[in-house]
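S.K.: The structure that follows is given in the form of structure tokens.
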Amino acid sequence: MKITFTQALTILQLQTPFTMADLKKAYRAAALVHHPDCGGKAENFIKIDAAYDFLKSFSKDFAQATSNSYWEQYWQSRLHKLQEQFQEEWRKAFKKALAENNGMWFSTCIERFGRAYMYPRTEWFLGVLYKKATTKNRNAYQQKLLLIAPNRTFREQYALKYYRLEFGFDTPYVFYLPPAKEQIGVVA
């Protein structure tokens, strides 16, 4: 049976806002009058039952029971699972990129995950491929990124972007920078 909010309030003779206790009290009072075992009509009791079921989700205490704290707990556990899932996919994308010598697997991984679930957070990338940010690891990663960069013209920018995702934006590292315009004789 379809019922609207105002119809449900009228059937149970309730005022807004109401608590679950108010709703139960109104339901019991209406049920005593309209229940078929107490001499009421079955169709009236069906309406009362439908109104009660419909209004349960609108009571103040029900809203509090399903409020932010429960949602936050659920969302944090879900985020953790999504992070683990993304990191596993990121490792696979790195292996494919190295095997095929094609860095487009990185952006493809991010885009596919974003379309399926949500776009990954920046902190999800930190330390996924290299647990320790040693100089040896950073140099090796830089060389691999430069090797698999899909665009040779912008490969330093590509390498810098994914290097910072892996090791953090505050990790110092020097990449090759082209000479300034003044040094090569170009005047702006």
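FYI, the numbering used here numbers position 3 of the sequence shown as 98, with every residue one higher than the one before it. Cβ atoms here follow ideal geometry from the backbone N, Cα and C, with glycine treated the same way.
Helix, strand or coil: how does DSSP classify P245 here?
M.R.: In the structure shown, P245 sits in coil (DSSP, three-state: anything other than H, G, I, E or B).
S.K.: Would you identify the three-state DSSP class for I98, choosing helix, strand or coil?
M.R.: Looking at I98 - three-state DSSP - the assignment turns out to be coil, as it is neither helix nor strand.
S.K.: If you reduce the DSSP assignment to three classes, tell me which class T114 lands in.
M.R.: It is coil, neither helix nor strand.
S.K.: Buried or exposed, going by whether 16 or more other CB atoms sit within 10 Å of the CB of F220?
M.R.: Answer is buried; the Cβ neighbour count reaches 16.
S.K.: Just to confirm the assignment, what range does the alpha helix (DSSP H) spanning R210 have?
M.R.: Here the alpha helix (DSSP H) through R210 covers M199 to A211.
S.K.: Determine contact between the region 193-212 and the region 245-254, defined as no fewer than three beta-carbon pairs at a distance below 8 Å.
M.R.: Flag = yes, the region 193-212 and the region 245-254 touch.
S.K.: Are the Cβ atoms of Y258 and Y225 separated by less than 8 Å?
M.R.: Contact flag unset, no.
S.K.: Please report the straight-line C-alpha distance between R173 and M213, rounded to a whole angstrom.
M.R.: Each residue's alpha carbon lies about 11 Å from the other.
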